[in-house]
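Trainee: The structure follows.
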Amino acid sequence: MGQLLKILGRTSSINVRKVLWTCQELDIAYEREDWGIGFASTHDPAFLALNPNAQVPVIIDENGVLWESNTICRYLVGKHGRSDLLPVEPAARARVEQWMDWQATELNPSWGDAFYGLVRKHPDFQDPQLIAAGVKGWNEKMGLLEQQLNRTGAYVAGTAFSLADVLIGLSAHRWRQTPMERPDYPAVTAYCKRLEQRPGFAEYASNAYS
Numbered sequence: 390m391g392q393l394l395k396i397l398g399r400t401s402s403i404n405v406r407k408v409l410w411t412c413q414e415l416d417i418a419y420e421r422e423d424w425g426i427g428f429a430s431t432h433d434p435a436f437l438a439l440n441p442n443a444q445v446p447v448i449i450d451e452n453g454v455l456w457e458s459n460t461i462c463r464y465l466v467g468k469h470g471r472s473d474l475l476p477v478e479p480a481a482r483a484r485v486e487q488w489m490d491w492q493a494t495e496l497n498p499s500w501g502d503a504f505y506g507l508v509r510k511h512p513d514f515q516d517p518q519l520i521a522a523g524v525k526g527w528n529e530k531m532g533l534l535e536q537q538l539n540r541t542g543a544y545v546a547g548t549a550f551s552l553a554d555v556l557i558g559l560s561a562h563r564w565r566q567t568p569m570e571r572p573d574y575p576a577v578t579a580y581c582k583r584l585e586q587r588p589g590f591a592e593y594a595s596n597a598y599s
């Protein structure tokens with residue numbers, strides 16, 4: 390029997406919640422420690438020894454230490470043999486992973502100025518022009534998701550729920566909850582309603598989280 394999974398990171402982090410929702414889908418036990426904003430500093434030497442980037446989440450199991458949330462999710466799904474969430478066949482897997490990578494490299498960067506200005510109210514993100522540009526860019530990226538969901542009629546990578554939906558579902562919820570002007574994207578709304586039926590979404594994309 391392997392070592393009990395340990396997750397380091399605060400639940401207010403969307404990247405930590407990716408991992409927690411993944412664990413819920415896999416029905417695996419874990420223990421979690423609060424690290425990050427409002428808790429133990431990720432610049433503590435003990436944490437930096439685990440992740441020199443000073444970012445959450447970090448996991449520790451019998452195979453060692455791992456960081457980067459999307460990689461952690463891939464690892465856990467692979468470790469537990471859940472090919473329904475992340476296929477083994479190369480083309481099917483790539484269709485899931487391209488949306489996982491899109492979430493990290495295209496969607497995430499689009500919301501920075503808007504989210505930190507409007508939700509976190511960070512003093513360094515209060516330029517109205519930058520916030521407006523951030524809202525515009527964020528809405529444009531979500532428009533691409535709307536188009537994809539119209540094509541599939543169900544989930545991001547096709548007709549079945551996949552690991553990509555854990556990541557993008559949390560992102561879509563954040564977009565819908567941020568106090569800003571946004572287009573009416575019916576497919577995104579229906580998508581979130583579909584995800585609400587999953588216990589992981591209900592727990593980790595609740596209004597208690599920003």
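Its first residue numbered 390, the sequence shown is counted upward by one per residue in the working numbering.
Glycine is no exception: its CB is placed at the ideal position from the N, C-alpha and C atoms.
Note that this is a predicted model, so its numbers are computed, not measured.
1) Hey, S551 and K530: beta-carbon distance below 7 Å or not?
2) State the start and end residues of the unbroken beta strand (DSSP E) segment that holds K510.
3) Spatial neighbours of W410 within its chain, please: C-beta separation below 6 Å, excluding the five flanking residues on both sides.
4) Taking the straight line between their C-alpha atoms, what separation do you get for S617 and E478?
5) So, with DSSP's three-state summary, where would you put A493?
6) Measure the beta-carbon distance from S472 to K407 and round it to whole angstroms, keeping in mind my assumption that it falls under 8 Å.
7) Buried or exposed: where does S430 fall if 16 or more other Cβ atoms within 10 Å of its Cβ makes it buried?
8) Specify, as a first and last residue, the run of the beta strand (DSSP E) that L475 falls within.
9) With a cut-off of 8 Å on the beta carbons, I'd call A546 and R484 a contact; round off their distance for me.
10) Compare the Cα-Cα distances from D573 to each of G542, T567, E535 and L584 and report the closest residue.
11) Between P446 and G398, which are expected to be in contact by the criterion C-beta below 8 Å, what is the C-beta distance as a whole number of angstroms?
12) Can you check DSSP and say which residues form a bridge with R421?
13) Considering only C-alpha positions, which residue in the set Q537, I417, L393 and Q566 is nearest to F504?
14) Tell me A429's beta-bridge partners as DSSP assigns them.
15) Measure the alpha-carbon distance for I403 versus A522 and round it to whole angstroms.
16) What distance in whole Å lies between the Cβ atoms of V577 and A553, which are believed to be in contact at a cut-off of 8 Å?
17) Using the Cα positions of I396 and V405, report the straight-line distance between them to the nearest angstrom.
18) My assumption, with CB atoms under 8 Å, is that G501 sits in contact with Q515. Please give the rounded CB distance.
19) Restricting to Cα atoms, I'd like to know which of K468, T460, I448 and C412 is closest to E422.
20) So H469 and L415 are supposed to be a Cβ contact under 8 Å. How far apart are they, rounded?
21) Please report how far the alpha carbon of L519 lies from the alpha carbon of R587, in whole angstroms.
Mentor: Here's the rundown:
1) The count along the sequence shown starts at 1 and reaches residue 551 at position 162. The count along the sequence shown starts at 1 and reaches residue 530 at position 141. The answer is no: Cβ separation not under 7 Å.
2) Indexing the sequence shown from 1 puts residue 510 at position 121. Element bounds for K510: n/a, residue is neither H nor E.
3) Along the sequence shown, read from residue 1 onward, the residue named residue 410 stands at position 21. Excluding the 5 residues flanking it on each side, W410 has same chain C-beta neighbours closer than 6 Å at V555, G589 and Y593, in chain order.
4) Absent from the model: residue 617. The displayed extent of the chain is 390 to 599, so no value can be given.
5) Against the sequence shown, residue 493 aligns to sequence position 104. In the three-state scheme derived from DSSP, where H, G and I count as helix and E and B as strand, A493 is classed as helix.
6) Numbered from its first residue, the sequence shown carries residue 472 at position 83. Numbered from its first residue, the sequence shown carries residue 407 at position 18. About 19 Å separates the two Cβ atoms, so there is no contact after all.
7) Position 41 of the sequence shown, counted from the start, is the residue given in the question as residue 430. That one is exposed.
8) Along the sequence shown, one-based indexing puts residue 475 at 86. Here L475 belongs to no beta strand (DSSP E), and DSSP marks it neither H nor E.
9) On the sequence shown, position 157 is the one that residue 546 refers to. On the sequence shown, position 95 is the one that residue 484 refers to. Yes, A546 and R484 are in contact; Cβ-Cβ is about 5 Å, under 8 Å.
10) In the sequence shown, the residue the question calls residue 573 occupies position 184. Here the closest residue by C-alpha is E535.
11) Position 57 of the sequence shown, counting from 1, holds the residue named residue 446. Position 9 of the sequence shown, counting from 1, holds the residue named residue 398. Correct: roughly 4 Å between the Cβ atoms.
12) Position 32 of the sequence shown, counting from 1, holds the residue named residue 421. For R421, which the question treats as bridged, DSSP gives the partners I396.
13) Taking the first residue of the sequence shown as position 1, residue 504 is located at position 115. For F504, the nearest C-alpha among the options comes from Q566.
14) Locating residue 429 in the sequence shown gives position 40, counting from the first residue. A429 is bridged to W424.
15) Taking the first residue of the sequence shown as 1, we reach residue 403 at position 14. Taking the first residue of the sequence shown as 1, we reach residue 522 at position 133. Here the alpha carbon of I403 sits roughly 22 Å from the alpha carbon of A522.
16) On the sequence shown, residue 553 is found 164 positions in, with the first residue counted as 1. On the sequence shown, residue 577 is found 188 positions in, with the first residue counted as 1. Rounded, the Cβ-Cβ distance is 14 Å, inconsistent with contact.
17) Along the sequence shown, one-based indexing puts residue 396 at 7. Along the sequence shown, one-based indexing puts residue 405 at 16. Cα to Cα, I396 sits roughly 8 Å from V405.
18) Locating residue 501 in the sequence shown gives position 112, where the first residue counts as 1. Locating residue 515 in the sequence shown gives position 126, where the first residue counts as 1. Not confirmed; about 13 Å, so no contact.
19) In the sequence shown, counting from the first residue as 1, residue 422 sits at position 33. If we check each option's Cα against that of E422, I448 comes out closest.
20) In the sequence shown, residue 469 corresponds to position 80, counting from 1. In the sequence shown, residue 415 corresponds to position 26, counting from 1. Going by Cβ atoms, the distance from H469 to L415 rounds to 5 Å, so yes, they are a contact pair.
21) Taking the first residue of the sequence shown as 1, we reach residue 519 at position 130. Taking the first residue of the sequence shown as 1, we reach residue 587 at position 198. Put simply, the backbone Cα of L519 is about 35 Å away from that of R587.
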